[in-house]
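Those letters in the sequence shown? Residues 28 to 387, per the numbering used here, in order. First comes the structure, then the notes that go with it.
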Amino acid sequence: MRRLMVWVVGSFAFSVGTVVVLIAMSGLLKDQRNSFLREFPPHPVMERDTLNLIYNSYYLAGGNGHTVYLANYTTPLQVLIADLRRLDTMRVHLKVKGIMDQKFWSVRVKVDSPNFYVYDGAVPRIYRGETGHWSAERYLYDSTYFLDFVPLDSERFAIRALGYPVKENVLGRILPDVPHLRMEKGLLEKQVDGMFCTDGMMHYADDTERLVYLYHYRNEFLVMDTSLRVQYRGHTLDTISRVKFTAAVLRSGAEEVFTLSSPPYLVNRLSEVSNGLLYVNSNLLAANENQGAFDAGSVIDVYDLQDGRYVLSFYLYHFDRSVRLSEFRVFGDYLVARYEDRLVIYELTSTLFKTRDGHG
């Protein structure tokens, strides 16, 4: 079983790599104007500061209204802490008990203050600790393989896993009480293969206690409570309700691996959830959008998670006119964006960004 699960995870990683190559080869989306409209209010986001990270191997691991935590792909047990106001930084080394006793595939770090987590879903292994001490121990109920991992609190986690024997994405929870694993089949709606067609991004907003899953290849997102009960299914601005690619099956003995035989239409590239809002970096050009502005930056569409209503759009322009947005997070009144080895801090100035649902 262990060898099979490692093979499944490895096959999924290979398939995802195929998707990335096909997207890079494609250019179809940016050449096609769509029928929906965007609203751009004046100056909703203002650039404040830029921090040189030196290396492009950092990624945003967490933060709050005054501090950002950046983990590193190449040195996974080091975290860079950046102060958003003073723009100074410090490094901490994570002390993880027993981590050298296990071989890992891809160690990742999430910081959800006052806790942090070191994990690898292909092993699987989850370590949990407190930011004040930066030391962690193994979480007892981490026996489930997973592809994505989101803390709901210090004891409960939402995961996306690859089902077995049917290799399809499925959402579930890891819990401290029996049964420790609770998978919820049927939440992600299959359109083609159940793996690529349901691929997406998962977020949890503790201010509104909502879990959000946004599909990559169609205009839909799920808003759920902490028990994974669907509150509603929302839609992004575009009209692509069905994925646009063709899946092929590669056979190796009795095993089957899905891959893509045509370039996919990537609809939603990046996303974030904060203050009762869903922020989506869309890959589609609107009917009323300027092609030059669209090509010069990354457009962010904002939705109210209370009912899925579209709120506004804005641009995060390429750094130095050439470096595209790598990822972004929203902490309080700040939007923090990484452009390879640069961290750019923006202030959310529009009243339309104010906290929803009475949380704050």
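C-beta: ideal position from N, C-alpha, C; glycine also. All of these numbers come straight from a predicted model, not from anything done at the bench.
Less than 8 Å separating the beta-carbons of residue i and residue j?
i, j, result
"Leu-87", "Arg-356", "yes"
"Thr-225", "Leu-215", "yes"
"Asn-142", "Gly-156", "yes"
"Asp-110", "His-93", "yes"
"Tyr-96", "Val-145", "no"
"Val-239", "Val-300", "yes"
"Arg-245", "Arg-269", "yes"
"Asp-220", "Arg-237", "no"
"Pro-103", "Val-134", "yes"
"Leu-379", "Leu-339", "yes"
"Gly-324", "Tyr-337", "no"
"Pro-203", "Phe-173", "no"
"Thr-171", "Ile-201", "yes"
"Arg-13", "Tyr-82", "Residue 13 falls outside the range modelled here, since the chain spans only 28 to 387, and no answer is possible."
"His-207", "Tyr-168", "yes"
Please report the Cβ distance between residue i and residue j, rounded to the nearest whole angstrom; I am assuming they are in contact, meaning their Cβ atoms lie under 8 Å.
i, j, result
"Val-197", "Lys-212", "6 Å"
"Leu-297", "Glu-354", "6 Å"
"Phe-341", "Pro-69", "Actually they are not in contact, since the Cβ atoms of Phe-341 and Pro-69 sit about 10 Å apart, beyond 8 Å."
"Asp-265", "Phe-63", "6 Å"
"Ile-372", "Asp-76", "5 Å"
Tell me the rounded alpha-carbon separation between residue i and residue j.
i, j, result
"Glu-389", "Val-205", "The chain is shown only over 28 to 387; residue 389 falls outside these bounds and no answer can be derived."
"Thr-158", "Val-136", "12 Å"
"Leu-255", "Asn-302", "20 Å"
"Asp-128", "Phe-184", "24 Å"
"Asp-347", "Asp-328", "23 Å"
"Thr-376", "Asp-360", "8 Å"
"Arg-369", "Asn-295", "23 Å"
"Gly-227", "Leu-249", "11 Å"
"Lys-194", "Phe-131", "22 Å"
"Ala-163", "Arg-65", "45 Å"
"Glu-247", "Phe-321", "22 Å"
"Arg-118", "Thr-101", "15 Å"
"Ala-310", "Trp-161", "The amino acid at residue 310 is misidentified as Ala; the sequence shows Asn. The alpha-carbon atoms of Asn-310 and Trp-161 are separated by roughly 38 Å."
"Glu-182", "Val-326", "36 Å"
"Tyr-330", "Ser-140", "25 Å"
"Asn-61", "Leu-352", "22 Å"
"Ala-98", "Ile-108", "9 Å"
"Val-123", "Asp-233", "26 Å"
Taking the alpha carbon of residue i as the point to measure from, which residue in the options has its own alpha carbon closest?
i, options, result
"Gln-333", "Leu-304, Gly-319 and Phe-341", "Leu-304"
"Ala-188", "Ala-149, Trp-161 and Val-270", "Ala-149"
"Phe-176", "Tyr-154, Lys-194 and Trp-161", "Tyr-154"
"His-120", "Ile-81, Leu-111, Val-106 and Leu-264", "Val-106"
"Gly-90", "Leu-362, Ile-267, Phe-380 and Leu-379", "Leu-362"
"Thr-263", "Tyr-231, Ala-313 and Ala-232", "Ala-313"
"Val-257", "Ser-140, Ala-98 and Gly-199", "Gly-199"
"His-230", "Tyr-168, His-207 and Ile-186", "Ile-186"
Give, in chain order, every unbroken run of the beta strand (DSSP E) that is at least 3 residues long and sits entirely within the segment 180 to 267. 184 to 189, 196 to 201, 208 to 211, 227 to 232, 237 to 242, 247 to 251 and 257 to 262
Jot down the residue ranges of each uninterrupted beta strand (DSSP E) in the segment 325 to 359, minimum 3 residues, whole runs only, in chain order. 336 to 344 and 354 to 358
If we require 3 or more residues per run, which beta strand (DSSP E) segments fall completely within the segment 79 to 135? 85 to 90, 94 to 99, 105 to 110 and 116 to 120
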